[in-house]
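A.B. asks:
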Amino acid sequence: MKRIFIAFFLLAGATLWAQNPVEKHILASKYAVDSIVAAQKAYLFKQLSSVEDLLEQQKISQEQAEQMKKDFKERSKQRTQQLIYAQAQTLQGQLDKELKAVPADSLKVTSDTLAPSSEAYQKAVAQVDSLAQRQEANKYIRRYINRGDVYLPYLALGVLNLSSAEHFGDKRLSPLGSKSFELGLYTNFRLRKNDNLLHLNFGVSWLYENFKIRGNYYYDRQAGNTQLTPYDSELTKSKFRAHYLIIPIDIEWDFSKDKIHRNVSYFQTHENLYLGVGAFVGLLLDSSQKINYQQQGDVYKTIIRKDLYTNLWTYGVSAHIGVKGWSLYGRYSLAPLFTNNPKGEYPFMIGIRAGR
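Quick look at the structure:
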């Protein structure tokens, strides 16, 4: 066993060796050991990934997964030690044969061939070791721990209209004058550790809807129903406005490729094509009407907060497609704008979104 340790001491100092007959055996053995370690690590990684896949598919329990990981790691450790020991024995035999033919004084190394041992050199070596460890930590964090971004802001602008059994898009509403504005925060969570394709998005936002009404109409209650009704005076502006607190959630397919930075591969988000489908639910915060009209040469601006039986809740489905943080989106409400409207008018919007 002592000879084996001597052999590996020589192995570690291969780069300091002058030209001599045993150098090729030491270097060859070093490469063989490196190859053994790399191969065993790669195989262990595949085994652990397979365990994770089985766990995600619910084919094994968490307890079984932990035990399997522990067993695979122990087997890998034992197998690596066995292969290295066999390689050490091979090197021992080669060195015994070669060293008998080499004079002992030819193995002496002069002090000027050694690596510098100054304080500055030792600090540099420590810095390199620290950077290498930090790089491995960053790789682990980027691929496994940091699966979800922090909450990021986004902004969306869209055009609004109403759909009912009678029409898809009410002609009494201005198609470009009716707008929505949304400001929110969201997070993007990668659903699998080693695959960047599937993501879950969720967040919270404030949504402002502004329906611009054409002609001389405004919303009013008639016989218990909320509907567009002619106003007594000629209107120069008529708008219905609503504010919501929205919670959106969607499943997203992100086709962004991995990026390599300083030999570390990590996943990117929204750097290539991405698309998603989802749902939303929201709570009405406030609603009102704004009408402007002229009377005897004077302009009157009125804010009406009359109870129009505006639906307290909104919910529906959504879809989007985008690239590099810009996306086109559509949203359709499955809840009517007013609870007592016999036609059942449902808001929908199409727009552009920045930030997600």
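Just so it is clear: in the sequence shown, position 296 is 1197 by this note's numbering, and no numbers are missing. The beta-carbon is built from N, C-alpha and C at its ideal position, and this holds for glycine as well.
On the criterion of 16 or more Cβ atoms from any shown chain inside 10 Å, does S936 qualify as buried, or is it exposed?
C.D. replies: Stepping through the sequence shown from its first residue, residue 936 is reached at position 35. So S936 ends up on the exposed side.
A.B. asks: Given L1092, which residues of its chain have a CB within under 7 Å of its CB, disregarding the five upstream and five downstream residues?
C.D. replies: Here residue 1092 corresponds to residue number 191 of the sequence shown, with the count starting at 1. Only L1099, H1100, L1101 meet the Cβ criterion.
A.B. asks: So, V1200 versus N1193, is the Cβ gap smaller than 8 Å?
C.D. replies: On the sequence shown, position 299 is the one that residue 1200 refers to. On the sequence shown, position 292 is the one that residue 1193 refers to. Result yes, Cβ atoms of V1200 and N1193 sit closer than 8 Å.
A.B. asks: Look at the alpha carbon of R1254 and the alpha carbon of S977, and state the distance between them as a whole number of angstroms.
C.D. replies: Looking up residue 1254 in the sequence shown gives position 353. Looking up residue 977 in the sequence shown gives position 76. Those two C-alpha atoms are separated by around 49 Å.
A.B. asks: In terms of residue numbering, what span does the beta strand (DSSP E) encompassing Q959 cover?
C.D. replies: In the sequence shown, residue 959 corresponds to position 58, counting from 1. Run containing Q959: none; DSSP gives neither H nor E here.
A.B. asks: Which ranges does the beta strand (DSSP E) cover as unbroken runs of at least 3 residues, wholly within the stretch 1129 to 1173, from first to last along the chain?
C.D. replies: Runs found: 1136 to 1155, 1160 to 1162, 1165 to 1167.
A.B. asks: Kindly give me the distance between the Cβ atoms of H1221 and L1209, rounded to whole angstroms, as I take these residues to be in contact under 8 Å.
C.D. replies: Position 320 of the sequence shown holds residue 1221. Position 308 of the sequence shown holds residue 1209. The pair is not a contact, with the Cβ atoms about 31 Å apart (cut-off 8 Å).
A.B. asks: Please tell me whether Y1118 and P1131 are closer than 8 Å, where the distance is taken between their beta carbons.
C.D. replies: Here residue 1118 refers to the residue found at position 217 of the sequence shown. Here residue 1131 refers to the residue found at position 230 of the sequence shown. Yes.
A.B. asks: Please determine, among Q1123, H926, A943, S1079, the residue with the shortest C-alpha to C-alpha distance to G994.
C.D. replies: Translated into positions along the sequence shown, residue 994 becomes position 93. G994 has its Cα closest to that of H926, out of Q1123, H926, A943, S1079.
A.B. asks: When the Cα atoms are used, what is the spatial distance from Y1109 to K1225?
C.D. replies: One-based indexing of the sequence shown puts residue 1109 at position 208. One-based indexing of the sequence shown puts residue 1225 at position 324. C-alpha separation (whole angstroms): 25 Å.
A.B. asks: Excluding five sequence neighbours on each side, which residues of the same chain lie with their C-beta closer than 8 Å to the C-beta of E957?
C.D. replies: For the purposes of this step, residue 957 is identified with residue 56 of the sequence shown, where counting begins at 1. Closer than 8 Å at the Cβ level, and outside the excluded window around E957, lie R1093.
A.B. asks: So, helix, strand or coil for L1235, using DSSP?
C.D. replies: Taking the first residue of the sequence shown as position 1, residue 1235 is located at position 334. L1235: coil per DSSP, three-state reduction.
A.B. asks: Within the continuous beta strand (DSSP E) that includes K1080, where are the two ends?
C.D. replies: For this step, residue 1080 is matched to residue 179 along the sequence shown. Run containing K1080: 1080 to 1093, per the beta strand (DSSP E) assignment.
A.B. asks: Pick helix, strand or coil for A933, following the three-state DSSP scheme.
C.D. replies: What you label residue 933 is simply residue 32 of the sequence shown in a count that begins at 1. Three-state DSSP puts A933 in a helix.
A.B. asks: Since K1140 contacts K1113 with CB under 8 Å, what's their CB separation in whole angstroms?
C.D. replies: As a working note, residue 1140 is residue 239 in the sequence shown. As a working note, residue 1113 is residue 212 in the sequence shown. Yes, K1140 and K1113 are in contact; Cβ-Cβ is about 5 Å, under 8 Å.
A.B. asks: Can you say whether E975 is buried or exposed, counting buried as having 16 or more other CB atoms within 10 angstroms of its CB?
C.D. replies: Sequence index remark: in the sequence shown, residue 975 carries index 74 (1-based). It is exposed - the Cβ of E975 has fewer than 16 other Cβ atoms within 10 Å.
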